[in-house]
Amino acid sequence: MRVLVIEDYEPIRTAVAQGLSEAAFAVDTAANGTDGLWYAQSNDYDVILLDLMLPDVDGLKILRQLRSSGSQSRILILTAKDAVEDRIEGLNSGADDYVLKPFVFEELLARVQVLVRRRYDFSDPVIRVSDLVIDTAAQTVERGGRSIELTKREYSLLVFLAMREGQVVSRTEIWENLYEFDSDAHSNVVDVYIRYLRKKLEHPDMPKLIHTRRGFGYVLSLEGADA
């Protein structure tokens with residue numbers, strides 16, 4: 736899952752980006768509104784964390800511009816402005832949620848996770864595909880009642896596929912959602928992590944879940960053979 740943090744105050748920007756990265760998100764950051772708007776319009780983010788009081792462009796102006804251009808990203812406002820009128824204006828301008836500074840990171844993370852699920856129409860934090868169970872709140876994975884330990888990147892890939900169960904996703908789509916904008920990861924890294932996941936999730940006595948669609952990408956589904 737991919738998140739953009741637009742925040743001019745470096746300590747908050749760094750701390751939030753680090754926390755989200757540790758929670759298995761791919762995170763891009765911008766220190767001003769001009770760069771933030773460029774990132775937001777150049778990439779498809781699941782969630783955008785937007786500070787209202789930016790040094791160059793008003794956060795509300797960015798918010799309105801993104802909504803007027805059709806952005807489907809979930810947008811969470813970060814601000815010290817706690818007046819009810821400010822919250823109403825932000826929400827009426829297209830924000831999906833509103834968090835006041837200072838905040839506890841764990842609450843912010845929970846709100847981001849909710850917004851991601853909302854974007855993909857998941858009301859339950861637990862995703863089930865056959866005997867595969869992914870608890871996105873606890874960030875745990877089980878298959879057939881057996882706990883499976885995944886790395887941060889493996890977990891991100893699995894959640895990305897599970898939220899699109901039955902849909903073929905290209906290597907490019909996967910790569911863009913697993914890595915930051917300026918990542919130097921090679922394109923074949925997607926195939927490498929697919930192999931890692933298969934090794935941990937699939938055994939000879941279990942149905943395959945991750946299928947290859949040659950020339951197109953991968954699909955997570957109980958049905959269908961590789962083609």
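Read the sequence shown against this note's numbering and you will find it ends at 962, with the numbers running on by one and no gaps. Just so it is clear, CB atoms sit at the ideal spot from N, CA and C, and this is done for glycine as well.
Given a cut-off of 8 Å, decide if D791 and G768 are closer than it, judged by their beta-carbon atoms. The residue you call residue 768 lines up with position 33 of the sequence shown. The residue you call residue 791 lines up with position 56 of the sequence shown. The Cβ-Cβ distance between G768 and D791 falls below 8 Å.
Taking the beta carbon of A761 as the centre, do at least 16 other beta carbons fall within 10 Å, making it buried, or is it exposed? For this step, residue 761 is matched to residue 26 along the sequence shown. Counting the other Cβ atoms within 10 Å of the Cβ of A761 gives 16 or more, which makes it buried.
Mapping the DSSP letters down to three states, classify A845 as helix, strand or coil. Within the sequence shown, numbered from 1, the residue matching residue 845 stands at position 110. Helix.
Starting from L892 and walking both ways along the alpha helix (DSSP H), at which residues does that stretch end? Looking up residue 892 in the sequence shown gives position 157. Start and end: 887-897.
Using a Cβ-Cβ cutoff of less than 7 Å, which residues in the same chain neighbour A962 once the five nearest sequence positions on both sides are dropped? Here residue 962 corresponds to residue number 227 of the sequence shown, with the count starting at 1. Reliability of the predicted coordinates at A962 is poor, the pLDDT of 47 falling under 50, and no value is obtained from them.
How long is the line joining the alpha carbons of P746 and L798, rounded to whole angstroms? Taking the first residue of the sequence shown as position 1, residue 746 is located at position 11. Taking the first residue of the sequence shown as position 1, residue 798 is located at position 63. Between the C-alpha atoms of P746 and L798 there is a straight-line separation of about 23 Å.
Outcome for L867 when other beta-carbon atoms lying within 10 angstroms are tallied against a minimum of 16: Working through the sequence shown from its first residue, we reach residue 867 at position 132. With 16 or more other Cβ atoms within 10 Å, it is buried.
With a threshold of 6 Å on Cβ separation, who are the neighbours of K935 within its own chain once the five nearest residues in sequence on each side are excluded? Locating residue 935 in the sequence shown gives position 200, counting from the first residue. Cβ within range, chain order: I883.
Rounded separation between L835 and L957 - CA only: Here residue 835 is taken as the residue at index 100 of the sequence shown, counted from 1. Here residue 957 is taken as the residue at index 222 of the sequence shown, counted from 1. So the two alpha carbons sit approximately 43 Å from each other.
At what residues does the alpha helix (DSSP H) containing D770 begin and finish? In the sequence shown, counting from the first residue as 1, residue 770 sits at position 35. DSSP places D770 in the uninterrupted alpha helix (DSSP H) bounded by 768-777.
T871 in three-state terms, based on DSSP: Reading the sequence shown from its first residue, position 136 is the one you call residue 871. Three-state result, T871: coil.
Determine the burial state of G901: buried for a count of at least 16 other Cβ atoms within 10 Å of its Cβ, exposed for fewer. Position 166 of the sequence shown, counting from 1, holds the residue named residue 901. Within a 10 Å sphere around the beta-carbon of G901 sit fewer than 16 other beta-carbons, which makes this residue exposed.
Which class does D743 belong to by DSSP, given the choice of helix, strand or coil? Here the question's residue 743 lines up with position 8 in the sequence shown. Correct three-state label for D743: coil.
Do three or more CB pairs link the segment 886-895 to the segment 923-931 at distances below 8 Å? Enough Cβ pairs lie closer than 8 Å, so yes.
Bounding residues of the alpha helix (DSSP H) (the contiguous stretch that carries V924): As a first step, residue 924 is located in the sequence shown; it is residue number 189 there, counting from the start. In this chain, the alpha helix (DSSP H) harbouring V924 covers 924-936.
Inter-residue spacing [alpha-carbon to alpha-carbon] between D763 and L893: As a working mapping, residue 763 is identified with position 28 in the sequence shown. As a working mapping, residue 893 is identified with position 158 in the sequence shown. Roughly 21 Å between the two C-alpha positions.
Exposed unless 16 or more other CB atoms sit within 10 angstroms - verdict on A960: Within the sequence shown, residue 960 is the residue found at index 225, counting from 1. Unreliable positioning characterises A960 in this predicted model, as indicated by a pLDDT of 48, which lies under 50. The coordinate reading is nonetheless provided below. Burial is judged here by how many other beta carbons sit within 10 angstroms of a residue's own beta carbon; A960 has fewer than 16 and is exposed.
So, for P942: in the same chain, excluding its five sequence neighbours on each side, which residues have a beta-carbon less than 8 Å away from its beta-carbon? Residue 942 sits at position 207 when you count from the first residue of the sequence shown. Answer for P942: S865, L957, listed in chain order.
To the nearest angstrom, how far is the alpha carbon of W773 from that of R863? Position 38 of the sequence shown, counted from the start, is the residue given in the question as residue 773. Position 128 of the sequence shown, counted from the start, is the residue given in the question as residue 863. So the two alpha carbons sit approximately 36 Å from each other.
L850 and A897 closer than 8 Å at C-beta: For the purposes of this step, residue 850 is taken as residue 115 along the sequence shown, with counting starting at 1. For the purposes of this step, residue 897 is taken as residue 162 along the sequence shown, with counting starting at 1. Cβ distance not < 8 Å, so L850 and A897 don't count as in contact.
Would you decide whether G880 is buried or exposed? Buried here means 16 or more other CB atoms lie within 10 Å of its CB. By 1-based counting over the sequence shown, the position of residue 880 is 145. Flag for G880 reads exposed.
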